[in-house]
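Worksheet: the structure to be examined is printed underneath.
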Amino acid sequence: MQFRIVKKPEISQKQYIMILLTAIVLALITSGLFILILGLNPFYVYSAMIKGAFGSTYRLEQTVVKAIPLIIVSLGIAIAFKMKFWNIGAEGQIVVGALFASYIALNYGEAPRALLLVAMLGAGFLGGSLWGLIPAFFKARWGTNEVIVTLMMNYIALKWVTYLQYGPWKDSASMGFPKIANFTQNAILPKLLGVHIGWVIALILTAFVFIFMNYSKKGFEIAVLGESSNTARYAGINISRTILFSMLLSGGIAGLAGMIQASAVSNTLSVEISGGVGYTAIITAWLAALKPPWIIVVSVLFAAMVQGSSFVQTAFGISAASALVIQALILFFVLGSDFFTKYKIAFSSELLAHGKETKK
Amino acid sequence: MNTVLVIAFLKAAVIAGTPLLFATLGEIMTERAGNLNLGVEGMMLMGAVMGFQVGYSTSNPLLALIAAALAGGAGALIFAFLTVSLRSNQVVSGLALTIFGTGFAGFVGQGLVGLKLSEKFSAGFLKIKLPLLGDIPALGEIFFNHDILVYIGYLTAIILGLYLYNTRNGLNLRAVGENPAAADAASVRVTRYKYLHILLGGALCGIGGAYLSLVYVPVWQENITAGRGWIAVALVIFSSWNPYKAVFGAFLFGGLDIIGFRLQGTGIVISQYIFAMIPYLVTIIILVVVSFKKDRKNAPPKSLGEPYFREER
Amino acid sequence: MTNGSAYVSMKDITKIFGTVTANDRMSLDVLNGEIHALLGENGAGKGTLMNMLSGIYIPDSGHIFIDGKEVQLSSPREAINAGVGMIHQHFKLVDVLTALENILLGYKTGILLRKREREAEIRKIMDRFQLDVDLNKYVYDMSVGEKQTLEILKTLYRGAKVLILDEPTAVLTPQETVRLFKIMRRMKEQDCAVIFISHKMNEVMEIADRVTVLRKGRTIDTLNKQETDPQELTELMVGRPVDLSINRTARVFDNKVLFVKGLRALNEEGVEVLKGLTFDLGAGEILGVAGIAGSGQKELCEALAGLYRIKEGEITFKGENLVGKNPQEFINRKISMSFIPEDRLGMGLVASMDMVDNILLKQYHYSQGLFVKRKPAASKAKEIIKKLDVQTPGVNHPIKNLSGGNIQKVLLGRELDSHPELLITAYPVRGLDINTCHKIYDILNEEKQKGVAILYIAEDLDSLIGLCDRIMVISNGEITGIVDARLAEKKQLGAMMLGKKEEEYAV
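Chains H, U and F, in that order, are what the protein sequence lines are. Our numbering puts the first residue of the first sequence at 8, with every later residue one more than the last. Our numbering puts the first residue of the second sequence at 168, with every later residue one more than the last. Our numbering puts the first residue of the third sequence at 1305, with every later residue one more than the last.
Right, here's the structure in full:
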């Protein structure tokens, strides 16, 4: 049977959500098949995942703890992606943010708590933005491909922390074990409603990024530049400055997440500090169509998936990597579903019938 | 440093560069068709894990390589379907493929950690000194005393070069990447060309990954590729989409990859973790230098990253 | 001439894009050995119909017969196998390949290229149709005329017996057009069927044997050229009587506002694209710029608008030097200039944004504070809709979904809103229907009356001669002459476009 592709007229919000939901359901069915192949009942696994993510106050808190960095980093990525600057370097920006914050925490650990934490947040932002500005500079100055550069910066950041962990920053009290000393109590973010205060920061940042992207001049310039650099030039937008500014913000926000992880979650700096959040956040930012409110929704769902799958791992013995597979499948289906919001497929049998009709 | 050490180093660079070579050639093929597949890392991992799985259970090198190629190709098929048929954003689709490949490899590889390949299997990848070529002083030892996959790597580069520049299909492929509308109007089957070369490219990435798990390491370990897939993407730019230049680039980076370990015994006191940064640093430097000047000969395929749709209106 | 049945016959062809019916039960018969003109305005459905004959689009319904047999043309490959080849307005050539490689592209000849053998075959065709192409030249080094000849050769080499030429003269100089018509007559002699898509009446009258007129997706009529005249054809095409003349208003100002002296610029590859241009422009004057596509028009506009790096020379606008300033500094210094770029959606506007945000693009610089103010932009948008009669579902509708004419109105409306004293317009009527064209000419004349200095870049010599006060011809980055439009002749302009200096022509 012959088929061809035809452009659709604009679709309504409702149709759009229907297509999106269909994609997610199909993704879950596909992952279900995958689980079935492993000889497990997908319904048990899925319900165990939900239980693992939301089943008790502790699990719920854990889900929120996992959602916090995801939300914050997705916000940062969204700013860069809006400009079509493919910042794959959030992972490194998180690490360097954590590194800078740790420097403060390790050296001035006895400073007053509020002052110390604010200084650490500042240092985290600074570190992340520095790591984001380097590829931004190359891009602005020579048009260097940012995808690869941001990515390479991740590896450099990780090797740097490894070097510190095994070398100069090694805790002399750890009896030869390669780890960096724990932070003092003053350098650890306080808790609010059972979860560290990072969730408040995440909400504030969401509001900030939302307003920034939709109502600020800079946000408008970023959106214009993302659509067409020629138009941006034509409209008198300083392209280099806009690239640098948005990456300063994008990297800085990722750096804040690094500070929060180091301070509140691991209480120290280590190579595992980011744990792939920089990559997962790319998916969540994209799935949320770079819109801050949706970033919260998608990030919480993804955090639940990660939390749930770590529960499933112990319950069913499925590797935690399965969460990655399911996440990627959802992303595949949602990416593919975008097509059906713009086009439809017409089959030739239908066309012939149409042809006969008009002939009459 | 004496000559023996230098020759040993260069020889090791060739071996370390071979997985990069396969992946770079695969990505060149993909990008020549106008598709930027950032899933190289994922496809390499898929190839690495499936190659190891089949190699372990069958002890048959050929089957292991076929499995690796199919796994890489399967990853590429997802990408091709998304970007060619459904016109999804290529950057994000490629990233999704890398995440998928990482998850898939972690998942399948869970049961493979700590297993050893059989003697019988490894016998398939013993070093073979080539007659005549292998006897050339120094060069013979560096380039022509290797396992069979290294030679297949050379051959793939040459075949791909001949294909691109000297055959009808190669001409068509270049046209598809440059200007798919023109190729289409000249009755080249654009979609078929794209699918075919993305799939073949993925298969080569899969083999590149398998070289790591089957020959280079050769045991299974989580994240065995350690960013080599991304370096391969950068090498494509470095070699300006030319398979012959890719050979040079791959071996250069093979050398950078191992230089830290090699220098450790020579009394140079710099942490190996600092040396481990070198390939990534050099990649950035090369990309920046390449972006200094733009000329027509070394430009990327013009339609790279753009979906093609005939009935667009 | 009309004996025998049609070689190509299209019957009841319907094609719908989204909600737009591009072709509504269209029919067309073309004989071999004839040049058949397809006449219609933009949006009449000429292109869509021909794209279906050449296998690019697939009809929703209807039948196509070639040489008496019904055919299904679902790809260009099938079309060329059936003997149909199309020369598109945007050439389908690969820049980084040579002429020969472009001809061999997609051609079935075994695995290897065997360039030598193919070359001999190609030369035979070149002799037969008297085509002149340098087979080893890279396409990026070719002029537009050369590219077109190459396209024709490529199509003939594949055995096309039906040739479709989509507005082939739009980008040619008068001299190149003469050469093209010679080739077309030669094809006719060789018994090919030639379909000539155009909206230029004089060319249709010159070259066609029969004319089919299309309007708004329907076939209106097919006429023998001898039995009709331009007035009748135009009325059929537009659907009502029209006045084709362009109005030139008298000049009321005589002070000069813009002086350009010795302007030089290099492109990215270091090639000189502007080679010392010197001219001036007065208030309330329309200065036309004529030239072959790619002679430096785009670079000149962008240089004036602060978007192109200038190597040397002076640009003085109302006593202020503009060289070395970018659009941002223009805004800061309140330099009253507007630029309607050639690439409307790629440079002038943001395709995916709505009208409000597109208007905001030129306003937000002037508002106070860190935030954008959309309210004034929205009311401005409504004003423009009313004033220029923009057809749009609303101010929040993405402008990429509007028609070309409406997109141009949005752009023009926004730019005129800032009351510029200098207006640079690059191809402002390209791709627009006759009505909208005349609407735009009227707007330009209105601005001229207000004292705006207008630089008008166009490809259509008729509109240049009709609308402008003076016409500046550029060729290969140089000014070959500036002539009084009232005294200008097409032939002279054509020669100047090809690089002949005004004085040389006079001799």
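Just so it is clear, CB atoms sit at the ideal spot from N, CA and C, and this is done for glycine as well. Just so we're clear, the structure is a prediction, and the values are computed from it rather than from any experiment.
Ends of the beta strand (DSSP E) at Arg1519 of chain F? Against the third sequence, residue 1519 of chain F aligns to sequence position 215. Note, Arg1519 of chain F: beta strand (DSSP E), Arg1514 to Arg1519.
Unbroken stretches of the alpha helix (DSSP H), 4 residues or longer, contained in the segment 1590-1657 of chain F: Qualifying alpha helix (DSSP H) stretches, in chain order: 1601-1608 and 1631-1636.
Please report the distance separating the alpha-carbon of Ile267 of chain H from that of Ala263 of chain U. As a working note, residue 267 of chain H is residue 260 in the first sequence. As a working note, residue 263 of chain U is residue 96 in the second sequence. Rounded to the nearest angstrom, the two C-alpha atoms are 26 angstroms apart.
Looking only at its own chain, which residues have a Cβ that is under 7 angstroms from the Cβ of Leu300 of chain U, when we skip the five neighbours before and after it? For this step, residue 300 of chain U is matched to residue 133 along the second sequence. So the qualifying residues of the chain are Gly307 and Phe311.
Between which residues of its own chain and Thr291 of chain H is the CB-CB distance below 7 angstroms, once the five residues before and five after are set aside? Here residue 291 of chain H refers to the residue found at position 284 of the first sequence. So the list reads Leu77, Ser81, Ile302, Val305, Ser306 and Phe309, once near-sequence residues are dropped.
Just grab the DSSP bridge partners of Tyr51 of chain H for me. Mapped onto the first sequence, residue 51 of chain H falls at position 44. Paired residues: none, contrary to the question.
From U:Leu402, U:Lys287 and U:Leu212, pick the residue whose C-alpha is nearest to that of Ser380 of chain U; which is it? Here residue 380 of chain U is taken as the residue at index 213 of the second sequence, counted from 1. Ranking the options by Cα distance to Ser380 of chain U, first place goes to U:Leu212.
Less than 7 angstroms between C-beta atoms, sequence neighbours within five positions excluded: which residues of the same chain meet that for Lys1704 of chain F? Within the third sequence, numbered from 1, the residue matching residue 1704 of chain F stands at position 400. Here the set comprises Leu1649, Ala1655 and Ser1656.
Indicate whether at least one CB of chain U lies closer than 7 angstroms to the CB of Glu1405 of chain F. Walking along the third sequence from the start, residue 1405 of chain F turns up at place 101. For Glu1405 of chain F, the nearest beta carbon of chain U is closer than 7 angstroms to its own beta carbon.
How big is the Cα-Cα spacing for Phe476 of chain U and Thr213 of chain H? Working through the second sequence from its first residue, we reach residue 476 of chain U at position 309. Working through the first sequence from its first residue, we reach residue 213 of chain H at position 206. About 37 angstroms.
Give, in chain order, every residue of the segment 1676-1704 of chain F whose Cβ lies closer than 7 angstroms to some Cβ of chain B. No chain B appears in this structure, whose protein chains are H, U and F.
C-alpha distance - Gln1729 of chain F paired with Val216 of chain H, whole-angstrom precision: Position 425 of the third sequence holds residue 1729 of chain F. Position 209 of the first sequence holds residue 216 of chain H. Per the sequence presented here, residue 1729 of chain F reads as Thr, with Gln not at that position. The alpha-carbon atoms of Thr1729 of chain F and Val216 of chain H are separated by roughly 38 angstroms.
Would the beta-carbon of Met1354 of chain F fall within 7 angstroms of that of Ile1468 of chain F? For the purposes of this step, residue 1354 of chain F is identified with residue 50 of the third sequence, where counting begins at 1. For the purposes of this step, residue 1468 of chain F is identified with residue 164 of the third sequence, where counting begins at 1. By the CB criterion at 7 angstroms, Met1354 of chain F and Ile1468 of chain F fall inside the cutoff.
Closest residue to Ser1671 of chain F among H:Ala143, H:Ser223, H:Lys146 and H:Ser326 (Cα-Cα distance): Residue mapping note: residue 1671 of chain F aligns to position 367 of the third sequence, counting from 1. Among H:Ala143, H:Ser223, H:Lys146 and H:Ser326, the Cα nearest to that of Ser1671 of chain F belongs to H:Ser223.
With 7 angstroms as the threshold, decide whether the Cβ of Asn1307 of chain F is near any Cβ in chain H. As a working mapping, residue 1307 of chain F is identified with position 3 in the third sequence. Any reading at Asn1307 of chain F must be qualified, since the residue scores a pLDDT of 43, below 50, and its modelled position is unreliable; the value itself is stated next. No, because no Cβ of chain H sits closer than 7 angstroms to the Cβ of Asn1307 of chain F.
Continuous beta strand (DSSP E) stretch holding Glu1576 of chain F: start and end: Along the third sequence, one-based indexing puts residue 1576 of chain F at 272. Looking at the DSSP string, the run of the beta strand (DSSP E) that includes Glu1576 of chain F is Glu1576 to Gly1586.
C-beta atoms of Ala1757 of chain F and Leu1585 of chain F nearer than 7 angstroms: The count along the third sequence starts at 1 and reaches residue 1757 of chain F at position 453. The count along the third sequence starts at 1 and reaches residue 1585 of chain F at position 281. Less than 7 angstroms separates the beta-carbon of Ala1757 of chain F from that of Leu1585 of chain F.
With a threshold of 7 angstroms between beta-carbons, can Ile1456 of chain F be considered close to chain U, or not? If you number the third sequence from 1, residue 1456 of chain F lands on position 152. It does not: the Cβ of Ile1456 of chain F has no partner Cβ on chain U nearer than 7 angstroms.
From the DSSP secondary-structure annotation, give me the bridge partner or partners of Asn312 of chain U. Sequence index remark: in the second sequence, residue 312 of chain U carries index 145 (1-based). Here Asn312 of chain U is bridged, per DSSP, to U:Lys296.
Closer than 7 angstroms to chain F by CB, Ala370 of chain U: Your numbering for residue 370 of chain U matches position 203 in the second sequence. No - not a single Cβ of chain F is within 7 angstroms of the one on Ala370 of chain U.
Can you round the beta-carbon distance between Ile1317 of chain F and Pro1380 of chain F to whole angstroms, since I take them to be within the 8 angstroms contact cut? Taking the third sequence and counting its residues from 1, the one referred to as residue 1317 of chain F is at position 13. Taking the third sequence and counting its residues from 1, the one referred to as residue 1380 of chain F is at position 76. 17 angstroms between Cβ atoms; not a contact.
Determine, for Gly394 of chain U, whether the minimum Cβ-Cβ distance to residues of chain H falls below 7 angstroms. Within the second sequence, residue 394 of chain U is the residue found at index 227, counting from 1. By the rule that beta-carbons nearer than 7 angstroms mark a contact, Gly394 of chain U touches chain H.
Is the CB of Ser470 of chain U under 7 angstroms away from at least one CB in chain H? Taking the first residue of the second sequence as 1, we reach residue 470 of chain U at position 303. False, the Cβ-Cβ gap to chain H never drops below 7 angstroms.
Counting along the chain, where does the beta strand (DSSP E) carrying Asp1746 of chain F start and finish? In the third sequence, counting from the first residue as 1, residue 1746 of chain F sits at position 442. For Asp1746 of chain F, there is no enclosing beta strand (DSSP E); the residue is found in the alpha helix (DSSP H) stretching over Ile1738 to Lys1754.
For Ser356 of chain H, which three-state DSSP category applies? Taking the first residue of the first sequence as position 1, residue 356 of chain H is located at position 349. Here Ser356 of chain H scores only 44 on pLDDT, less than 50, and its place in the model is too uncertain to base an answer on.
Using the C-alpha atoms, what's the distance from Asp1470 of chain F back to Gly1372 of chain F? Residue mapping note: residue 1372 of chain F aligns to position 68 of the third sequence, counting from 1. Residue mapping note: residue 1470 of chain F aligns to position 166 of the third sequence, counting from 1. Here the C-alpha atom of Gly1372 of chain F lies approximately 24 angstroms from the C-alpha atom of Asp1470 of chain F.
So, are the CB atoms of Gln172 of chain H and Ile195 of chain H less than 7 angstroms apart? Here the question's residue 172 of chain H lines up with position 165 in the first sequence. Here the question's residue 195 of chain H lines up with position 188 in the first sequence. No; because the gap between Cβ atoms is not below 7 angstroms, this pair is not in contact.
Counting only beta-carbon atoms, is Lys368 of chain H nearer than 7 angstroms to chain F? What the structure shows of chain H is the stretch from 8 to 367, and residue 368 of chain H is not part of that stretch, so it cannot be assessed.
Where the alpha helix (DSSP H) through Lys1315 of chain F begins and ends: Position 11 of the third sequence holds residue 1315 of chain F. Run containing Lys1315 of chain F: none in the alpha helix (DSSP H); it sits in the beta strand (DSSP E), Val1312 to Phe1321.
Looking at the unbroken alpha helix (DSSP H) that takes in Met1817 of chain F, where does it start and where does it end? Missing from the structure shown is residue 1817 of chain F; chain F here goes from 1305 to 1811 and no further.
For Pro298 of chain U, does the count of other Cβ atoms within 10 angstroms reach 16, so buried, or fall short, so exposed? Within the second sequence, residue 298 of chain U is the residue found at index 131, counting from 1. It is exposed - the Cβ of Pro298 of chain U has fewer than 16 other Cβ atoms within 10 Å.
Neighbour flag for Arg1381 of chain F against chain U, beta carbons, 7 angstroms: Position 77 of the third sequence, counting from 1, holds the residue named residue 1381 of chain F. For Arg1381 of chain F, the nearest CB of chain U lies under 7 angstroms from its own CB, placing it at the interface with that chain.
Taking only the alpha-carbon atoms, compute the straight-line gap between Ala1554 of chain F and Asn1749 of chain F and give it to the nearest angstrom. Here residue 1554 of chain F is taken as the residue at index 250 of the third sequence, counted from 1. Here residue 1749 of chain F is taken as the residue at index 445 of the third sequence, counted from 1. Going from the Cα of Ala1554 of chain F to the Cα of Asn1749 of chain F covers about 9 angstroms.
Lys296 of chain U classed as buried or exposed, judged by whether at least 16 other C-beta atoms fall within 10 angstroms: For the purposes of this step, residue 296 of chain U is taken as the residue at position 129 of the second sequence. Around the beta carbon of Lys296 of chain U, fewer than 16 other beta carbons sit within 10 angstroms, so the residue counts as exposed.
Going along the chain, which residues of the segment 323-351 of chain U sit with their C-beta nearer than 8 angstroms to a C-beta in chain F? Here the close residues are Asn333, Thr334, Arg335, Asn336, Leu338, Asn339, Arg341, Ala342, Glu345, Asn346, Ala348, Ala349, Ala350 and Asp351.
Could you work out which residues of chain U lie near Gly343 of chain H, taking near to mean beta carbons separated by less than 8 angstroms? On the first sequence, residue 343 of chain H is found 336 positions in, with the first residue counted as 1. Chain U residues near Gly343 of chain H: Phe248, Leu249, Leu253 and Ser255.
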